[in-house]
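Okay, structure first, notes after.
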Amino acid sequence: MKTAIVYYSMSGNTKYAADKIAEKIGADIIRIEPVKAYPDQGAKKFIWGGKSAVMGEPPALQSYEFSAEKYDRIILGTPVWASTFASPIRSFLKENPDIQGKKLAVFTCFSGGGADKVIEKMEKYIGIEEFEAELILVDPKENVKAENDEKIDVFCDMVKQNGK
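My numbering puts the first residue of the sequence shown at 568, with every later residue one more than the last.
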């Protein structure tokens with residue numbers, strides 16, 4: 568089963584998780600980036616990213632190579648922004664409605680909270696009942712713990728089992 572991990576990462580936590588998952592399940596990685604980068608420090612980081620997420624503003628993305636027809640499963644990775652998924656992921660989903668017929672899984676990385684809401688909002692946005700696997704991590708790059716590695720292992724096992 569061919570799998571793609573599509574993710575956006577501002578501070579590196581989501582990238583860290585995407586790399587770990589890809590290594591364990593042998594997935595292709597597609598990193599998406601907005602044309603205009605969000606501020607990544609200080610109050611502007613939270614103001615602009617949070618406003619963009621809450622208002623549902625999908626930014627223009629830099630070009631990326633992705634074709635849903637090449638994959639059986641898509642794993643989406645997003646940081647939590649204002650209790651919702653990051654705006655670049657919203658752009659990706661808007662540009663790729665054909666992923667709805669694929670097996671879908673999701674992982675989120677956060678510092679504050681609201682990760683459960685992110686998953687619910689993403690399911691609703693895509694138009695699915697539930698993801699085949701879900702993973703919630705607290706700052707996995709900055710807070711390296713055996714607990715996070717275990718959660719990643721369980722997530723990867725769920726993904727592999729659902730692929731049979």
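Even glycine gets a Cβ: it sits at the ideal position worked out from N, Cα and C.
Contacts around D665, its chain only, beta-carbon distance under 6 Å, and the 5 residues preceding and following it disregarded: A635.
Residues near A653 by beta carbon distance below 6 Å, same chain, minus five either side: Excluding positions up to five away in sequence, the list reads Y575, T645, P646.
Candidates L660, I719, D706, of which the one nearest E578 by Cα: A small correction: the amino acid at residue 578 is Ser; Glu does not occupy that position in the sequence shown. Nearest of L660, I719, D706 to S578, Cα basis: D706.
Limits of the unbroken alpha helix (DSSP H) element including T656: In the sequence as displayed, the identity of residue 656 is Ile instead of Thr. 654-662 is the extent of the alpha helix (DSSP H) around I656.
Element boundaries [beta strand (DSSP E), containing V711]: Where V711 is concerned, there is no enclosing beta strand (DSSP E), given that its DSSP letter is neither H nor E.
DSSP three-state assignment for A627, whether helix, strand or coil: Coil at A627, not helix or strand.
Nearest to K569 (by Cα), restricted to the options M689, A713, I596, I719: Nearest option by C-alpha distance: I596.
Residues that DSSP places opposite G644 in a beta bridge: Note: G644 sits in a beta bridge opposite Y574, F674.
Contact under 8 Å by Cβ, P626 with K591: Between P626 and K591, the gap from beta carbon to beta carbon reaches 8 Å or more.
Buried/exposed call for S678, threshold 16 Cβ in 10 Å: With fewer than 16 other Cβ atoms within 10 Å, it is exposed.
Beta-carbon separation (whole angstroms), L660 vs Y692, contact threshold 8 Å: Sure, about 6 Å apart at Cβ, within 8 Å.
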